[in-house]
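Participant: Residues in the sequence shown are numbered from 1 upward in steps of one, following the UniProt record's numbering.
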Amino acid sequence: MFIGIAAALVAGTMLGLYALPGKYTSDFEEENKWSLFFVLTMFVVPLVATFSLMKGVGSIYSGIDSGILITMIISSFLWGVGVMMWGKAIDHIGLSLGFSLFIGTVILVGSILPLGIAISKGQALPSTPALIAILSGIGIVLFGVLSNGKAGLAREADEAAMKAAEESSGDVSETASPKSYGLGISIAVVGGLLATGFNVAFTYGAEPLGNAVAANGNPSWMTAMAVMLPVFLSGGAVMTFYFLFQLSQKKAWGKFKTPAFGKNFILIFVMAFFHYAASAMYAFAADKLGANGPVVVYAIFNTTCLVVAVVSGLLTGEWTKASPAARRWLYTGLACMVAGVLVLAFGQTLDQAPVAEPVGDTVATHDSFIIQDTAGV
1 MFIGIAAALV AGTMLGLYAL PGKYTSDFEE ENKWSLFFVL TMFVVPLVAT FSLMKGVGSI
61 YSGIDSGILI TMIISSFLWG VGVMMWGKAI DHIGLSLGFS LFIGTVILVG SILPLGIAIS
121 KGQALPSTPA LIAILSGIGI VLFGVLSNGK AGLAREADEA AMKAAEESSG DVSETASPKS
181 YGLGISIAVV GGLLATGFNV AFTYGAEPLG NAVAANGNPS WMTAMAVMLP VFLSGGAVMT
241 FYFLFQLSQK KAWGKFKTPA FGKNFILIFV MAFFHYAASA MYAFAADKLG ANGPVVVYAI
301 FNTTCLVVAV VSGLLTGEWT KASPAARRWL YTGLACMVAG VLVLAFGQTL DQAPVAEPVG
361 DTVATHDSFI IQDTAGV
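#1: Compute the Euclidean distance between the alpha carbons of serine 234 and methionine 162, then round it to the nearest angstrom.
#2: Tell me the start and end of each unbroken alpha helix (DSSP H) in the segment 258 to 342 that is at least 4 residues and wholly inside, in chain order.
#3: Rounded to a whole number of angstroms, what is the C-alpha to C-alpha distance between leucine 108 and serine 169?
#4: For valine 200, collect the residues of the same chain with a Cβ closer than 7 Å to its Cβ; drop the 5 residues on either side in sequence, then sort them by chain order.
#5: Classify glycine 64 as helix, strand or coil using the three-state DSSP reduction.
#6: Taking Cβ positions, are cysteine 336 and leucine 15 nearer each other than 8 Å?
#7: Which residue's Cα is closest to the Cα of methionine 281: Met222, Thr349 and Gly144?
#8: For glycine 137, count neighbouring Cβ atoms within 10 angstroms of its own Cβ and tell me buried if that reaches 16, exposed if not.
#9: Any contact between the segment 57 to 71 and the segment 16 to 30? By contact I mean 3 or more CB pairs, one from each, below 8 Å.
#10: For valine 231, which option in Tyr242, Leu247 and Ala206 has the closest C-alpha, if you only look at C-alpha atoms?
#11: Looking at the unbroken alpha helix (DSSP H) that takes in tyrosine 18, where does it start and where does it end?
#12: Which residue from Ala215, Thr13 and Ser279 puts its Cα closest to that of methionine 228?
#13: Who are the near neighbours of valine 341 in its chain, counting only those whose CB is closer than 6 Å to its CB and skipping five residues on each side?
#14: Alpha carbon to alpha carbon, how far is isoleucine 103 from valine 355? Give it in angstroms, no decimals.
#15: Going by CA-CA distance only, name the one from Leu350, Lys23 and Ser52 that's closest to asparagine 218.
#16: When the cut-off is 8 Å and only beta carbons count, does asparagine 216 lie next to chain C?
#17: Between isoleucine 112 and valine 106, what straight-line distance do the alpha-carbon atoms span, to the nearest angstrom?
#18: For valine 141, which residues in the same chain have their Cβ closer than 8 Å to its Cβ, ignoring the five residues on either side in sequence?
#19: State yes or no: is the C-beta of lysine 321 within less than 8 Å of the C-beta of aspartate 158?
#20: Counting pairs of beta carbons, one from the segment 185 to 198 and one from the segment 76 to 95, are three or more of them closer than 8 Å?
#21: Under 8 Å by Cβ, that's how I've got phenylalanine 37 and methionine 225 pegged, so tell me the actual separation to the nearest angstrom.
#22: For alanine 188 versus isoleucine 93, is the C-beta distance shorter than 8 Å?
#23: Give the range of the alpha helix (DSSP H) segment to which valine 39 is assigned.
#24: Can you give the beta carbon distance from serine 96 to leucine 314, rounded, assuming they're within the 8 Å contact cut?
#25: Answer yes or no: do tryptophan 329 and serine 59 have a C-beta to C-beta separation smaller than 8 Å?
#26: Expressed to the nearest angstrom, what Euclidean distance is found between the alpha-carbon atoms of glycine 116 and leucine 350?
#27: Can you tell me whether threonine 196 is helix, strand or coil according to DSSP?
#28: Under three-state DSSP, which class holds glutamine 249?
#29: Assuming threonine 13 and valine 308 make a contact with CB atoms under 8 Å, what is their CB distance in whole Å?
#30: Judging by CA-CA distance, which residue of Pro259, Phe265, Phe273 and Phe269 is the nearest neighbour of alanine 11?
#31: Short of 8 Å in beta carbon distance, which residues of its chain neighbour leucine 9, apart from the five on each side in sequence? Order them along the chain.
#32: Look up proline 208 in the DSSP assignment and say whether it is helix, strand or coil.
Structure (structure tokens):
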């Protein structure tokens, strides 16, 4: 149990910190930073990890039904757009808000989606106590998301007022052009909605790929890696076309030719490694904790990720110009999302059987709540 909990804490910390190194790149435009990041995290890291750690990669994918694979690819395109928007949101509103709004939206949709699917298919809903707990958790998380949105708008107003005061006193230094917090908040929320395509891909691919992973002598947690490879490659294809266009339109290709490229590459590689490894570590943690692993790891992972992202944003000075009122909204939003995650996790345990679930179903269950990656994610 200790190994599983420790792995969940590490996974949440890695995802919470993954974007932090990007704050220290130099001589790069946003397009340079994120295009290099997505090449590494969507292609290089997944391919190296999959082929070096997993046995029988060719036979695992050759036996998958083409219809399932096509569904995974299409939903992965949406996820790719969502993760790309997440990066844009972080550049607009910082780590604290970018993470909490994006992941809060994913938690909301990832919690509501299974209920909607059950209703559409005529399946039985959770028991009354479980349903009350789940709906309560959703309501608490929603309030947290709204509180963080309020915090962002209040922070924007504070910074605008401070800038106006500096201009009136003549004490103005040249700074980068301000970015709209309202736009950044919208990008984070819409990105979170699109990122649920990752959940759809897992729902369709986890069982057949889980069976193939086990048949080739791999541990069950590698099912997540098997699903993540086509998801990341498909999502990466969307981002490749987008950033090729952006780099050309903004004439930013030349920015790669900088003495700081080596340092930037290392920082961005750390981002890519943390981003991918967080999802794989999540799956490993859930597998180690047995039948209740998905629910326990879901709570630990999301709570750790949110807290680490907000704290790192505070420590790097994102809120130094914000008023106490704006910070109170931020802290309220964080507290509500952490509490809501714990309530959601508790609600999931109420109807859970004490026996272990099959490999494929287990992975699909715990990853129905994750970004992901995303985790993946």
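By construction, the Cβ of each residue, glycine as well, lies at the ideal position given by its N, Cα and C atoms.
Facilitator: Reading from the atomic positions:
#1: Their Cα atoms are separated by approximately 44 Å.
#2: Counting only runs of 4 or more residues that sit fully inside the segment 258 to 342, the alpha helix (DSSP H) segments are 261 to 288 and 293 to 315, in chain order.
#3: Going from the Cα of leucine 108 to the Cα of serine 169 covers about 45 Å.
#4: Around valine 200: Ser75.
#5: Going by the sequence as given, residue 64 is isoleucine instead of glycine. Coil at isoleucine 64, not helix or strand.
#6: Cysteine 336 places its beta carbon 8 Å or farther from that of leucine 15.
#7: Nearest option by C-alpha distance: Met222.
#8: By the neighbour-count criterion, in which a residue is buried when 16 or more other Cβ atoms sit within 10 angstroms of its Cβ, glycine 137 is buried.
#9: Contact fails between the segment 57 to 71 and the segment 16 to 30, because fewer than three Cβ pairs, one in each stretch, are under 8 Å apart.
#10: Nearest of Tyr242, Leu247 and Ala206 to valine 231, Cα basis: Ala206.
#11: That residue, tyrosine 18, is in no alpha helix (DSSP H); it is neither H nor E in DSSP.
#12: Ranked by Cα distance from methionine 228, the options Ala215, Thr13 and Ser279 are led by Ser279.
#13: Cβ neighbours of valine 341 beyond the five flanking positions: Ala299, Asn302 and Thr303.
#14: Model confidence at valine 355 stands at a pLDDT of 45, short of 50, so the residue's coordinates are unreliable; what they give is reported in the following sentence. C-alpha separation (whole angstroms): 30 Å.
#15: Closest by alpha carbon: Ser52.
#16: Absent from the structure is chain C; it holds one protein chain and no more.
#17: Going by the C-alpha atoms only, they are around 10 Å apart.
#18: Result list for valine 141: Gly104, Ile107, Leu108, Ser111, Cys336, Met337, Gly340, Val341 and Leu344, in chain order.
#19: For lysine 321 and aspartate 158, yes; Cβs fall inside 8 Å.
#20: Proximity of the segment 185 to 198 to the segment 76 to 95 meets the contact definition, three or more beta-carbon pairs being nearer than 8 Å.
#21: That pair is no contact at about 20 Å.
#22: Less than 8 Å separates the beta-carbon of alanine 188 from that of isoleucine 93.
#23: First-last of the alpha helix (DSSP H) with valine 39: 30 to 39.
#24: About 7 Å; that satisfies the 8 Å criterion.
#25: No. Outside cutoff.
#26: For glycine 116 and leucine 350, the gap between their C-alpha atoms comes out near 19 Å.
#27: Three-state result, threonine 196: coil.
#28: In the three-state reduction of the DSSP assignment, glutamine 249 falls in the helix class, which pools H, G and I.
#29: Rounded, the Cβ-Cβ distance is 5 Å, consistent with contact.
#30: Taking only the C-alpha atoms, the option nearest alanine 11 is Phe273.
#31: Same-chain partners within the cutoff: Ile300 and Thr304.
#32: If DSSP states are grouped into helix, strand and coil, proline 208 belongs with the helices.
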